[in-house]
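Undergrad:
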Amino acid sequence: FRLKLMAEGELKDMEQFFDDLSDSFTGTEPEVHKTSVVGLFLRHMILAYNKLSFSQVYKLYTALQQYFQNDEKKNGIDENDMELANTEELEGKMEKEELDVPLREEEISCSGPLSQKQAEYFLSQQASLLKNDETKALAPASLQKELNNLLKFNPDFAEAHYLSYLNSLRVQDVFSSTHSLLHYFDRLILTGAESKSNGDEGYGRSLRYAALNLAALHCRFGHYQQAELALQEAIRIAQESNDHVCLQHCLSWLYILEQKIFDSCVLLEHSVNKSLHFGLPYLASLGIQSLVQQRAFAGKAANKLMDALKDSDLLHWKHSLSELIDISIAQKTAIWRLYGRSTMALQQAQTLLSMNSLEAVNVGVQQNNTESFAVVLCHLAELHAEQGYFAAASEILKHLKERFPANSQHAQLWMLFDQKIQFERAMNDGRYHVADSLVAGITALESIEGAYRKAIVLKAQNQMSEAHKLLQKLLTHCQKIKNTEMVISVLLSVAELYWRSSCHTIALPVLLQALALSREYSLQYLASETVLNLAFSQVSSCIPEQALNILHTAIEPVLAHGAVLDKGCAMFLVAKCQVASADSYAPRKKIEALESAILNLNEAKTYFAKVDCKEQLRDVLYFQARLFHTLGKTQERNKCAMLFRQLHQELPAHGVPLINAFK
1 FRLKLMAEGE LKDMEQFFDD LSDSFTGTEP EVHKTSVVGL FLRHMILAYN KLSFSQVYKL
61 YTALQQYFQN DEKKNGIDEN DMELANTEEL EGKMEKEELD VPLREEEISC SGPLSQKQAE
121 YFLSQQASLL KNDETKALAP ASLQKELNNL LKFNPDFAEA HYLSYLNSLR VQDVFSSTHS
181 LLHYFDRLIL TGAESKSNGD EGYGRSLRYA ALNLAALHCR FGHYQQAELA LQEAIRIAQE
241 SNDHVCLQHC LSWLYILEQK IFDSCVLLEH SVNKSLHFGL PYLASLGIQS LVQQRAFAGK
301 AANKLMDALK DSDLLHWKHS LSELIDISIA QKTAIWRLYG RSTMALQQAQ TLLSMNSLEA
361 VNVGVQQNNT ESFAVVLCHL AELHAEQGYF AAASEILKHL KERFPANSQH AQLWMLFDQK
421 IQFERAMNDG RYHVADSLVA GITALESIEG AYRKAIVLKA QNQMSEAHKL LQKLLTHCQK
481 IKNTEMVISV LLSVAELYWR SSCHTIALPV LLQALALSRE YSLQYLASET VLNLAFSQVS
541 SCIPEQALNI LHTAIEPVLA HGAVLDKGCA MFLVAKCQVA SADSYAPRKK IEALESAILN
601 LNEAKTYFAK VDCKEQLRDV LYFQARLFHT LGKTQERNKC AMLFRQLHQE LPAHGVPLIN
661 AFK
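Here UniProt numbering is used: the first residue of the sequence shown is 1, the next is one more, and so on.
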């Protein structure tokens with residue numbers, strides 16, 4: 001009766017009900033004792049009601065009315081069912097309709113308010129899944145719908161706002177993520193959660209960490225000026241409060257911002273030392289990782305970098321920082337790839353994949369959906385593609401797509417590698433129009449890489465002037481941002497343009513500049529590739545003996561760590577040098593040199609066939625046919641000539657002289 005009175009009455013009737021509950025504890029003989037089970041429940045209910053804001057009281061009253069109305073409708077339906085109980089035909093029809101109608105999404109999801117414990121469990125579960133295994137968390141739209149439902153009944157639920165912030169980051173929504181982050185810290189301050197745990201310091205702590213998180217958010221989206229302003233605010237509040245931990249986090253982010261402008265190694269070293277001093281191993285290890293990365297780009301020796309990573313690994317194992325162990329191994333994989341040691345990179349990648357498969361997290365999923373695993377698997381796919389194992393590379397990429405869906409935060413990594421592998425296959429197959437269509441996708445993910453690939457396509461299509469203009473513009477930009485690896489690659493492409501124009505003397509200084517840079521920055525594989533280009537230039541300049549001498553110093557790293565295409569080009573170049581040097585030999589020695597060249601051409605042909613590089617295969621067959629003709633081997637010559645003709649009809653020369661480029 002009292003419930004009906006409140007539902008059909010006004011808001012003041014519900015207020016009067018709670019006032020009457022308080023009166024039940026008063027008097028010499030109260031209706032309910034405070035320490036009884038019912039008394040404790042009623043007191044808990046009164047306290048919860050008194051904490052509600054005006055808007056929450058109104059929502060409670062609205063929910064009460066809706067509950068009462070739904071109950072009345074349900075009772076009405078039950079009475080009608082009783083009246084129709086004797087009508088068997090109609091009853092069967094109703095049951096059939098109920099079975100046929102599918103449940104709507106609104107009916108499946110929870111439409112009412114959850115209890116505090118249920119809400120906390122839901123939020124902690126989804127946050128854990130977002131960190132460890134994003135594919136098993138709710139989809140971004142579904143999760144946001146559930147969070148909006150939670151916030152509708154409790155707008156001051158700070159943790160729900162924070163999970164909404166993380167969910168918005170998944171889909172790169174700048175506005176929603178900023179909005180949710182600010183609401184999280186506003187609710188944290190208003191509810192007094194921080195003050196309860198940290199005393200009077202709680203309010204200031206929330207403010208400085210709010211500014212720090214806002215700076216990190218702006219930095220993630222590339223808003224560096226706004227990030228710097230927010231970081232300055234966080235530093236100012238942290239200095240006023242003498243919060244050294246917050247200041248160390250600010251110092252780490254300051255290094256990241258300053259790195260966008262200039263190399264600030266001093267800031268990073270200071271951050272690592274201070275983090276160790278204040279007992280912050282996680283922050284210190286991240287600083288060491290960043291320092292190693294910076295010095296790798298600066299050309300430091302690999303052994304010194306590995307020693308530094310070994311010191312950070314000691315911190316990881318000492319403090320059981322499993323996530324940082326994964327980051328360290330991924331970092332080693334990337335460093336070995338940078339230095340051109342593909343076998344070492346492969347070993348590190350397999351170490352991480354096999355190691356973490358034994359470790360499960362508490363929520364019953366494998367902790368293998370982190371950025372470290374995405375990086376390692378992408379490198380693994382590219383390494384397989386370079387060796388001609390395209391089916392294996394496709395399987396790895398398929399696994400990446402399942403593990404990191406397109407809307408996940410690390411999906412851009414495999415998207416870029418997938419586009420690059422497809423581009424290389426199209427270029428090897430001579431399908432330049434397909435390669436050109438892939439350039440737009442690469443540019444969207446990595447602008448510098450996209451511009452370089454566009455220049456390669458223009459060069460292959462014999463648009464030399466356009467390719468040269470684009471390469472010169474890219475070279476200036478990469479020198480400005482100190483992207484040494486790309487600078488060397490661009491210089492090698494510029495030198496190739498000069499060869500195609502028969503300007504070998506102009507290409508020589510460009511190659512020497514590339515060689516000096518690659519040796520200065522310890523990029524051994526790029527140095528070996530540059531030496532091969534120098535050898536080709538010397539062959540074209542009619543000094544094959546000197547070309548053979550320098551080839552012996554460069555070919556070993558290429559055969560040990562190089563891609564299959566590079567191995568084929570290297571063996572093809574060796575054969576060219578042998579044939580060019582044989583002109584000055586005695587007849588018997590000349591025949592031996594030509595036969596040795598044919599064997600090297602067979603090896604090069606095997607490499608080119610493995611990656612389906614038809615243009616290079618055509619050149620090798622042409623060269624072999626000429627050598628067999630010189631040696632008087634008619635049958636072998638005719639076989640090579642027939643295969644050459646088939647490829648030549650499939651891939652016309654477009655007016656470019658054969659055997660006029662190193663790659």
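Beta carbons: idealized from backbone N, C-alpha and C, even for Gly. Note that the coordinates shown come from a computational prediction; the quantities given were computed from them, not determined experimentally.
With DSSP collapsed to three states, give me the class of arginine 403.
TA: Helix.
Undergrad: Should leucine 47 be labelled buried (16 or more other beta-carbon atoms within 10 Å of its own) or exposed?
TA: With fewer than 16 other Cβ atoms within 10 Å, it is exposed.
Undergrad: Check glutamate 446 in the structure and name its three-state DSSP category.
TA: Looking at glutamate 446 - three-state DSSP - the assignment turns out to be coil, as it is neither helix nor strand.
Undergrad: Taking just the CA atoms, how far does leucine 517 sit from alanine 609?
TA: Going by the C-alpha atoms only, they are around 33 Å apart.
Undergrad: Just how far apart, CA to CA, sit alanine 411 and proline 405?
TA: The alpha-carbon atoms of alanine 411 and proline 405 are separated by roughly 6 Å.
Undergrad: I believe serine 285 touches alanine 330 by the beta-carbon criterion, under 8 Å. Please report the beta-carbon distance rounded to the nearest angstrom.
TA: Not confirmed; about 13 Å, so no contact.
Undergrad: State the DSSP-derived secondary structure class of proline 140, mapped to helix, strand or coil.
TA: Correct three-state label for proline 140: helix.
Undergrad: Can you have a look at residue 669 and say buried or exposed, based on whether 16 or more other CB atoms are within 10 angstroms of its CB?
TA: In this structure the chain extends from 1 to 663, so residue 669 is not present and cannot be described.
Undergrad: Given that a residue counts as buried once 16 or more other Cβ atoms are within 10 Å of its Cβ, and exposed if not, what is methionine 355?
TA: Label assigned to methionine 355: exposed.
Undergrad: Mapping the DSSP letters down to three states, classify alanine 560 as helix, strand or coil.
TA: In this structure, alanine 560 counts as helix in the three-state DSSP scheme.
Undergrad: Candidates Tyr521, Leu212, Ala238: which alpha carbon is nearest glutamine 226's?
TA: Ranking Tyr521, Leu212, Ala238 by Cα distance to glutamine 226 puts Leu212 first.
Undergrad: Report back the beta-carbon spacing between alanine 514 and leucine 492 to the nearest angstrom; my notes put them in contact at under 8 Å.
TA: With 8 Å as the limit, alanine 514 and leucine 492 qualify as a contact, their Cβ atoms being about 6 Å apart.
Undergrad: Do glutamate 159 and leucine 123 have their C-beta atoms within less than 8 Å of each other?
TA: Result yes, Cβ atoms of glutamate 159 and leucine 123 sit closer than 8 Å.
Undergrad: Cβ of tyrosine 58 within 7 Å of any heavy atom in the ligand HEM?
TA: Absent from the structure shown: the ligand HEM. Ligands present: none.
Undergrad: Count the other CB atoms within 10 Å of the CB of aspartate 243; is the residue buried (16 or more) or exposed (fewer)?
TA: Under this definition aspartate 243 is a buried residue.
Undergrad: In whole angstroms, what separates the C-alpha of leucine 416 from that of glutamine 289?
TA: Rounded to whole angstroms, leucine 416 to glutamine 289 spans 24 Å at the Cα level.
Undergrad: Ignoring anything shorter than 4 residues, give me the alpha helix (DSSP H) runs that lie fully in the stretch 244-320, in order along the chain.
TA: Runs found: 244-259, 265-277, 281-297, 302-319.
Undergrad: What is the C-beta distance between alanine 127 and leucine 163, in whole angstroms, given that I count them as a contact (C-beta under 8 Å)?
TA: Correct: roughly 6 Å between the Cβ atoms.
Undergrad: If you draw a straight line from the C-alpha of glycine 568 to the C-alpha of glutamine 125, how long is it?
TA: Answer to the nearest angstrom: the Cα atoms are 52 Å apart.
Undergrad: Residues in its own chain within less than 8 Å of histidine 44 by CB, not counting five upstream and five downstream?
TA: Within the same chain, histidine 44 has no close Cβ partners at all.
Undergrad: On the criterion of 16 or more Cβ atoms from any shown chain inside 10 Å, does isoleucine 488 qualify as buried, or is it exposed?
TA: Classification for isoleucine 488: buried.
Undergrad: Could you work out which residue in Leu315, Ser24, Phe54, Asp307 is closest to tyrosine 282 when comparing CA atoms only?
TA: Looking at the Cα atoms, Leu315 is the closest of the given residues.
Undergrad: Which class does leucine 458 belong to by DSSP, given the choice of helix, strand or coil?
TA: Looking at leucine 458 - three-state DSSP - the assignment turns out to be helix.
Undergrad: Leaving out the 5 sequence neighbours to the left and right, which residues in its chain are closer than 8 Å to residue 728 when beta-carbon positions are compared?
TA: Summary: the structure shown does not reach residue 728, with the chain confined to residues 1 through 663, and so no result is reported for it.
Undergrad: Are the CB atoms of leucine 267 and tyrosine 255 within a distance shorter than 8 Å?
TA: Yes, the pair counts as a contact, with Cβ atoms nearer than the cut-off.
Undergrad: Between which two residues does the alpha helix (DSSP H) carrying asparagine 132 extend?
TA: Here the alpha helix (DSSP H) through asparagine 132 covers 116-132.
Undergrad: Using 8 Å as the threshold, is the C-beta distance between phenylalanine 17 and methionine 6 below it?
TA: In contact: phenylalanine 17 and methionine 6 (Cβ atoms closer than 8 Å).
Undergrad: To the nearest angstrom, how far is the alpha carbon of aspartate 612 from that of cysteine 250?
TA: So the two alpha carbons sit approximately 52 Å from each other.
Undergrad: For the 8 Å Cβ check, are there 3 or more pairs between the stretch 333-347 and the stretch 521-528?
TA: Taking 8 Å as the limit for Cβ pairs, the verdict is that the stretch 521-528 does touch the stretch 333-347.
Undergrad: Pick helix, strand or coil for histidine 410, following the three-state DSSP scheme.
TA: Coil.
Undergrad: Assign aspartate 566 to buried or exposed, taking buried as 16 or more other Cβ atoms, counted over all protein chains shown, within 10 Å of its Cβ.
TA: With 16 or more other Cβ atoms within 10 Å, it is buried.
Undergrad: Counting beta carbon pairs with one atom in the stretch 619-630 and one in the stretch 438-455, are three or more of them shorter than 8 Å?
TA: With the cut-off at 8 Å, the stretch 438-455 and the stretch 619-630 do not touch.
Undergrad: From Glu615, Thr606, Val579, pick the residue whose C-alpha is nearest to that of leucine 631; which is it?
TA: Checked all of Glu615, Thr606, Val579; the closest Cα to leucine 631 is Val579.
Undergrad: Short of 6 Å in beta carbon distance, which residues of its chain neighbour leucine 11, apart from the five on each side in sequence? Order them along the chain.
TA: Result list for leucine 11: Tyr61, in chain order.
Undergrad: Can you name the start and end residues of the alpha helix (DSSP H) that arginine 645 belongs to?
TA: Run containing arginine 645: 634-650, per the alpha helix (DSSP H) assignment.
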